[in-house]
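Trainee: Under my numbering, think of the first position of the sequence shown as 216, with each following residue one higher. I am attaching a structure below and will ask some questions about it afterwards.
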Amino acid sequence: MKKLFYLFSVIMLILVTPAKAETTPTLIINGETVEKVVTKISFEGDLAVLTFADTSVSSEDMENVILRFSDCATSIKDINAFQLKQAVDGSLNIKGLAEGTQVQIFDASGKQMTATNDATINVSSLKPGMYILKAGSQIVKFVKK
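This is the structure we're talking about:
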């Protein structure tokens, strides 16, 4: 349960990062600041697998990896994250989606399950569980029945 909470927290931080464009996260591994830009974080057991902009990859114990965001909160009002109160079964209908906005759905491990520009998304093929939907700067946690 502790790992799932940690994983969900990291995923939310990654998804929210684009809305905070004026802040740059600091990556610290074993107490040392890493100057490279992380483009992807995935997990293998207790290891955080970091993929950098230069395509290099590093596997580190999760306990040794810190992703720190600045205390600047100038964009916090631009972040919209919430949870759907009802479990979803067949499809999601997104209202007010600007034309051309990409919609992505991620599973609890951070794996992208689908990406589309449609306002209606068929989720019937997804396994039951928790998912994160990202549409522009909007982030929604939902449960698939």
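Every residue gets a Cβ at the ideal spot worked out from N, C-alpha and C, and that includes glycine. Here the structure is a predicted model, which means the values were calculated and not measured.
(1) Counting C-beta neighbours from all protein chains within 10 Å, is the total for GLU237 16 or more, i.e. buried, or is it exposed?
(2) Which residues bound the beta strand (DSSP E) around ASN308?
(3) Leaving out five residues on either side along the sequence, give the residues of the same chain with a beta carbon under 7 Å from the beta carbon of ALA288.
(4) State buried or exposed for ALA350, treating a residue as buried only when at least 16 other CB atoms are found within 10 Å of its CB.
(5) State the Cα-Cα distance for the pair GLY311 and THR335, rounded to the nearest angstrom.
(6) Closer than 8 Å to a non-hydrogen atom of the ligand PLP - does that hold for the CB of GLN317?
(7) Excluding the 5 residues flanking ASP261 on each side, which residues of the same chain have their C-beta closer than 7 Å to its C-beta?
(8) In this structure, how does DSSP classify GLU259 when only helix, strand and coil are distinguished?
(9) If we cut at 9 Å on Cβ distances, does GLY351 have a partner in chain B?
(10) Expressed to the nearest angstrom, what Euclidean distance is found between the alpha-carbon atoms of SER362 and THR254?
(11) What does the Cβ neighbour count give for ILE281, buried or exposed, with the cut at 16 atoms within 10 Å?
(12) Taking the continuous beta strand (DSSP E) assigned at MET345, which residues delimit it?
(13) Report the three-state DSSP secondary structure of ASN279 (helix, strand or coil).
Mentor: This is what the structure holds:
(1) Model confidence at GLU237 stands at a pLDDT of 46, short of 50, so the residue's coordinates are unreliable and nothing is read from them.
(2) Under the DSSP assignment, ASN308 falls in the beta strand (DSSP E) whose first and last residues are 306–308.
(3) Confidence at ALA288 is low in this model, with a pLDDT of 48, below 50, so its placement is unreliable and no value can be given for it.
(4) Flag for ALA350 reads buried.
(5) Cα-Cα distance, rounded: 12 Å.
(6) With respect to the ligand PLP, the structure offers nothing, as it holds no ligand at all.
(7) Excluding positions up to five away in sequence, the list reads ASP276 and MET277.
(8) DSSP places GLU259 in strand when its eight states are reduced to three.
(9) Reference to chain B is not applicable here, since this structure consists of a single protein chain.
(10) Since the displayed the chain opens at 216 and closes at 360, residue 362 lies outside it and no answer follows.
(11) ILE281 comes out exposed.
(12) 344–350 is the span of the beta strand (DSSP E), which, as asked, contains MET345.
(13) Looking at ASN279 - three-state DSSP - the assignment turns out to be helix.
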